[in-house]
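Residue numbering for the sequence shown follows our numbering, starting at 31 and increasing by one per position.
Some notes on the structure that comes next.
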Amino acid sequence: MDALDLARWQFGITTIYHFLFVPLTIGLSVVVAALQTAWHRTGRPEYLRATKFFGKLFLINFAMGVVTGIVQEFQFGMNWSAYSTFVGDVFGAPLALEALLAFFLESTFIGLWIFGWDRLPRRVHLATIWAAAIGSNLSAFFILAANAWMRHPVGFAVDPVNGRAYLTDIWAVVTNPQALSTYVHVVSASFVVAGLFVVAVSAYKLLHRDRAPHPDEPGLFRRTLRAGLVTTAVAGAVVALSGDHQAKLMAEYEPMKLASAEAIWETEGAAGFSLFAIGDHEIGEVGVGRNFVDLEVPYVLSFLATGSPAGEVEGINDLQRRFSEQFGPGDYTPNIPVLYWSFRLMIGLGLAGVGVGVLGLWLTRRGALPRQRWMYRVAIAALPAALAANIFGWVLTEMGRQPWTVVGQLLTAASVSPGVSLFEVAFSLTVFTLLYGVLAVVEARLLLRYVKAGPGHVMPYPRAGEPEPDRIPAFVY
31 MDALDLARWQ
41 FGITTIYHFL
51 FVPLTIGLSV
61 VVAALQTAWH
71 RTGRPEYLRA
81 TKFFGKLFLI
91 NFAMGVVTGI
101 VQEFQFGMNW
111 SAYSTFVGDV
121 FGAPLALEAL
131 LAFFLESTFI
141 GLWIFGWDRL
151 PRRVHLATIW
161 AAAIGSNLSA
171 FFILAANAWM
181 RHPVGFAVDP
191 VNGRAYLTDI
201 WAVVTNPQAL
211 STYVHVVSAS
221 FVVAGLFVVA
231 VSAYKLLHRD
241 RAPHPDEPGL
251 FRRTLRAGLV
261 TTAVAGAVVA
271 LSGDHQAKLM
281 AEYEPMKLAS
291 AEAIWETEGA
301 AGFSLFAIGD
311 HEIGEVGVGR
321 NFVDLEVPYV
331 LSFLATGSPA
341 GEVEGINDLQ
351 RRFSEQFGPG
361 DYTPNIPVLY
371 WSFRLMIGLG
381 LAGVGVGVLG
391 LWLTRRGALP
401 RQRWMYRVAI
411 AALPAALAAN
421 IFGWVLTEMG
431 RQPWTVVGQL
441 LTAASVSPGV
451 SLFEVAFSLT
461 VFTLLYGVLA
471 VVEARLLLRY
481 VKAGPGHVMP
491 YPRAGEPEPD
501 RIPAFVY
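Next comes the structure, spelled out in structure tokens:
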């Protein structure tokens with residue numbers, strides 16, 4: 031164990047933790063904006079209560095995402111200064127756009143939305159939440175463009191004097207095919223998470239509707255349950271289509287990642303999709319890996335990778351030999367078991383979450399509620415499944431790039447800060463892990479507390495016989 035290993039663990043832990051909040055922020059911002067739009071168009075108080083209720087949950091998640099995201103930037107200087115030196119002149123552009131254009135747009139209009147309920151005209155106030163939602167999605171795009179550049183570097187050159195990359199074409203960076211495809215895939219997966227979050231909260235409240243403080247509350251959650259199910263099903267279809275495109279880009283730009291995710295050792299035509307494999311490998315300069323057991327569906331991998339059931343897919347052994355000749359002796363394979371199972375867990379858990387959305391739509395057709403109480407429990411369990419699918423997707427994306435931080439340009443072993451010690455990384459890793467553990471408890475308790483409190487906490491129900499108030503009440507804190 032050395033500083034490099036611990037630095038990778040630290041970045042992985044903090045990134046995965048941060049990404050628990052990112053997809054929910056991206057998707058839930060639009061869901062809340064849509065709910066407020068429904069209230070603006072219809073004037074129905076249940077839509078206003080739903081907006082305020084899910085808006086409060088959105089704000090809790092947004093605040094935690096901001097706090098955990100700041101740590102990511104500090105690590106570039108702490109543990110990855112050699113990487114920062116190499117990519118800084120390229121990364122500066124998309125990250126500056128993210129901070130100056132997207133994040134400030136998002137945070138400014140969220141503030142106006144929070145404090146403008148009884149101060150801004152309704153139409154202007156509605157525009158603030160849509161502006162915040164657009165900011166959230168723009169922020170995701172610029173971050174993903176920077177990340178995609180690491181997997182498929184374009185629009186740059188390397189200074190022969192100081193060995194640093196510098197930007198030559200910002201348009202090439204933001205229109206990188208990897209960036210555009212990844213953005214569609216990640217954002218649609220975020221809407222799956224947001225849809226299932228709304229479904230899970232609504233299912234929880236309907237499961238305990240006998241404890242509802244007001245007779246109108248079950249009707250509110252019947253509508254939000256249906257809205258969440260529709261969001262999940264539609265977004266799930268986009269995830270599947272964009273995932274197919276991602277596989278083809280992987281075959282073109284990251285063939286080692288695809289081969290490792292499928293544990294395919296030799297180049298094959300008409301390659302099948304592996305369902306279960308057990309293998310062994312001893313990678314050297316020539317590469318000698320093999321599977322002892324491999325259950326597969328014929329032709330599927332070739333179709334996913336090339337669009338043809340007979341298309342050729344390069345194997346790990348051949349790629350290892352080619353990269354050794356191209357870049358010099360070394361092991362150019364990522365952690366194959368991690369990639370193999372991350373790929374399957376991403377697909378399996380993601381399909382399970384989307385399947386709950388489709389099943390729920392069938393059970394709630396014509397406005398009916400599911401009679402089976404188990405369905406509500408399944409709907410609640412689908413949320414952590416979708417979050418886990420997102421996490422495994424990022425494990426596949428980031429670990430599949432190894433041993434590179436910037437593919438073909440900078441190895442991970444050459445990216446770590448040269449002066450950082452094992453003790454320093456171990457200390458910061460311990461502190462961050464403990465701190466994030468505390469934050470996880472705080473986040474979970476806050477969300478559960480306000481879910482249990484219900485919409486009446488942020489917008490009290492009128493007493494029996496009293497009309498809804500004319501004045502829009504501000505958030506109750």
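Quick reminder that beta carbons are idealized off the backbone N, C-alpha and C, glycines included.
Remember, predicted model here, so these are calculated numbers, not experimental data.
Around the Cβ of Trp392, a 10 Å sphere holds fewer than 16 other Cβ atoms; the residue is exposed. Within the region 194–253, complete alpha helix (DSSP H) segments of at least 4 residues are found at 200–204 and 207–237, given in chain order. Under DSSP, Leu440 forms a beta bridge with Val436.
One Cα belongs to Ala456, the other to Glu247, and the distance between them is close to 50 Å.
In the structure shown, the three-state DSSP call for Ser304 is strand. A direct Cα-to-Cα measurement between Gly449 and Gly107 gives close to 11 Å. Taking the Cβ atoms as the reference, Phe84 lies roughly 7 Å from Val228, within the contact range of under 8 Å. The C-alpha of Tyr480 lies about 23 Å from the C-alpha of Ala68. In the three-state DSSP reduction, Phe186 falls in the strand class (E or B). The three-state reading of DSSP puts Gly341 in coil, since its state is none of H, G, I, E or B. Under the DSSP assignment, Leu469 falls in the alpha helix (DSSP H) whose first and last residues are Leu452 to Ala483. The Cβ neighbour count for Asn365, taken over all protein chains shown within 10 Å, is under 16; the residue is labelled exposed. Judged by beta-carbon spacing, Val327 lies beyond the 7 Å limit of Ala335, meaning their Cβ atoms are not closer than that value. No Cβ-Cβ contact shorter than 7 Å links Leu426 with Phe357. DSSP places Ala129 in no alpha helix (DSSP H); its state is neither H nor E.
Under DSSP, Gly299 takes part in a beta bridge, and its partners are Glu342. When only Cα atoms are considered, Trp371 and Ala291 end up about 8 Å apart. Within the DSSP secondary-structure output, Glu326 pairs in a beta bridge with Ser304. Taking Phe116 as the centre and dropping the five residues before and after it, the same chain places the C-beta of Gly193, Arg194, Ala195, Val436, Gln439, Leu440 and Ser445 closer than 8 Å to its C-beta, in chain order. Annotation for Glu136: the continuous alpha helix (DSSP H) segment containing it runs Phe134 to Phe145. The region 120–137 makes no contact with the region 461–469, as fewer than three CB pairs between them are under 8 Å. Judged by beta-carbon spacing, Thr363 lies beyond the 7 Å limit of Ala80, meaning their Cβ atoms are not closer than that value.
Ala340 places its beta carbon less than 7 Å from that of Gly299. Collapsing the DSSP output to three states places Glu284 in coil. Contact check for Pro124 against Phe172 passes: the beta carbons are separated by less than 7 Å. Of the residues Tyr234, Leu305 and Leu210, the one whose Cα lies closest to the Cα of Gly273 is Leu210. Within a 10 Å sphere around the beta-carbon of Trp110 sit 16 or more other beta-carbons, which makes this residue buried. In the structure shown, the three-state DSSP call for Gly360 is coil. In the three-state scheme derived from DSSP, where H, G and I count as helix and E and B as strand, Gly73 is classed as coil. C-alpha of Asn91 to C-alpha of Leu174: approximately 20 Å in a straight line.
Taken atom to atom, the span from the alpha-carbon of Ser304 to that of Thr297 is near 14 Å. Counting only the Cα atoms, Tyr406 lies some 21 Å from Arg475. With fewer than 16 other Cβ atoms from the protein chains shown falling within 10 Å of its own Cβ, Ala267 counts as exposed.
In this structure, Met280 sits near Leu288, with a CB-CB distance shorter than 7 Å. When the beta-carbon positions are compared, Thr262 and Val222 come within less than 7 Å of each other. If you compare the alpha carbons of Val269, Val60 and Leu331 with that of Ala382, the shortest gap goes to Val269.
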